[in-house]
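Throughout the sequence shown, residue numbering follows mature numbering (1 follows the signal peptide of the UniProt record, and there is no 0), covering -28 to -1, 1 to 314 in sequence.
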Amino acid sequence: MLNTLYQKTLGLAATAAVSLAVAMPSQATENLRMSTLGPGTSPYVVMNTFANIINEKLPEYSIQVNATGAATRHAVETAMDKSQFFMSSPNLHHLMKTETGPFAKAKGVGKQSEKLRAIFNFPMGYYHIATFADSGIEEFKDLKDKRVFLGPPGGVAYQTSRMIIEAMTGFKPDEDYKVVSLGWDAAAQSFQDGHIDVYFNPTLPPSPAISQVVMTNSIRLLGLPQDTSNISGLQTLIQRPGYRLGKIPAGVYGENQVTAGDISTVSVTVGIVTNQEVSEDTIYKMTKTFWENIGQRAEQTKLLGNITLDNALVDLNLPLHPGAARYYREVGIEIADELTAR
């Protein structure tokens, strides 16, 4: 699928280049596209906030948010300049650069990944593994023959969720449990409606999707053991770029979340990535404007309190866009040589 997309996008890019060469009328507003995960995920909240801040504070730009599809597809589209921004992750970039995992059949995307530039990273959050409290599912072995949403098919979240289950149980998708193939938004609604038994969502707490469910239902969040050193599959997973173990704080979802104490799980870093063709001045103004206004937005949306300058360069494994780097240097952030675009 990605290989077909890549070939089609090559053709679209060539056609667009010819069209632009023929005529490009001047416009007061520059329209840009941002691709992210669906509503109910922390990347959607963060990136939608980014777009809203830019649209409100910088009227010369208009960012339109596309919240459908998997990040793997968004990566190819942005590398080909079909989209100008997308949610990436250190692991996703590694897989694209090496043409492995979901990119194994998309030959040529490794070279295209060299066109991508980072704006900032942020904690995507913790893998929430949710089930209804009365489902009878209390540990991973209870997933046998259940309906499980791992993430959108073909996405990195899908692969991560699958690896967590396999590490804990040895279960294989569609052999030992039924995979529910939906996008993020549809899956959140389907879980709330009782059509999914176990719902995986890597998100910052309090997750909008989980918070919606606990308003009217009791849920249980499945956790990993405190000591995972002897679980080889989990050790393999957390050694990937941007992965680590973390904890969902106790009580963050109130009394309708029945698991006691902090919940140990996998956490992951993601970020906003753009194309090198977007101008330095554009990215500089956007980066500056975002960081100067995110604090006020965090007062209204608790989840955004996790988005800080201290985390902006954490786990980065691709060069910063020169416009973003310019802003970070202005505010005194040291930038490693390997993050400087050449």
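Glycine is no exception: its CB is placed at the ideal position from the N, C-alpha and C atoms.
The structure presented is a predicted model; accordingly, all values stated were derived computationally and were not measured.
Between the CA atoms of Tyr300 and Glu86 - distance to the nearest angstrom: 22 angstroms
Three-pair Cβ contact test at 8 angstroms for the segment 249 to 258 versus the segment 99 to 114: no
Residues that DSSP places opposite Thr175 in a beta bridge: Tyr98
Rounded straight-line distance, which links the Cα of Arg89 to that of residue 403: There is simply no residue 403 to check, as the chain begins at -28 and stops at 314 in what is shown.
Reference Lys219, options Leu206, Asn93, Pro213 and Pro177, closest by Cα: Pro177
Closest by C-alpha distance to Phe163, when choosing among Phe143, Ile307 and Gln184: Gln184
Delimiting residues of the beta strand (DSSP E) encompassing Thr237: Ile235 to Asn247
C-beta atoms of Pro15 and Val242 nearer than 8 angstroms: yes
Exposure label - Asn3; buried when at least 16 CB within 10 Å: exposed
DSSP beta-bridge partners of Leu4: Ile35
Through-space distance from Ala(-1) to Ala78, alpha-carbon basis: 37 angstroms
Proximity of Phe92 and Ile244 at Cβ, strictly below 8 angstroms: yes
Distance between beta carbons of Phe58 and Phe262, contact taken as under 8 angstroms: With a Cβ gap of about 16 angstroms, Phe262 and Phe58 do not count as contacting.
Coil, strand or helix - Phe22 by DSSP: helix
Integer Cβ distance of Ser190 from Asn228, believed to fall under 8 angstroms: 5 angstroms
Cβ-Cβ separation, Thr132 to Val238 (assumed contact under 8 angstroms), whole Å: 7 angstroms
Inter-stretch contact (C-beta, 8 angstroms, three-pair minimum) for the segment 107 to 116 and the segment 165 to 177: yes
Straight-line Cα distance separating Glu32 from Leu209: 43 angstroms
Own chain partners of Ile137 with C-beta closer than 7 angstroms, once the 5 adjacent residues on each side are dropped: Phe112, Leu115 and Phe143
Three-way DSSP call (helix, strand, coil) for Met59 in this model: strand
Three-state class that DSSP yields for Phe143 in the structure shown: coil
Supposed close pair Gly10, Ala39 - CB separation, criterion 8 angstroms: 5 angstroms
Nearest to Ser201 (by Cα), restricted to the options Gly73, Gly126, Leu281 and Met140: Met140
Unbroken alpha helix (DSSP H) run spanning Phe262, endpoints: Glu252 to Gln272
Short Cβ contact (8 angstroms threshold) for Val17 with Leu275: yes
Coarse secondary structure for Ile203, derived from DSSP in three states: coil
Cβ distance (whole Å) where Ala181 is taken to contact Ala160 below 8 angstroms: 4 angstroms
Unbroken alpha helix (DSSP H) run spanning Leu295, endpoints: Note that residue 295 corresponds to Gly in the displayed sequence, not to Leu. Pro294 to Glu302 is the span of the alpha helix (DSSP H), which, as asked, contains Gly295.
Option in Leu285, Ser60 and Leu122 with minimal Cα separation from Glu310: Leu285
Which of helix, strand or coil DSSP assigns to Val224: coil
8 angstroms Cβ cutoff met for Thr50 and Pro74: no
Nearest-angstrom beta carbon gap, Ser7 and Ser55 [assumed within contact, 8 angstroms]: 5 angstroms
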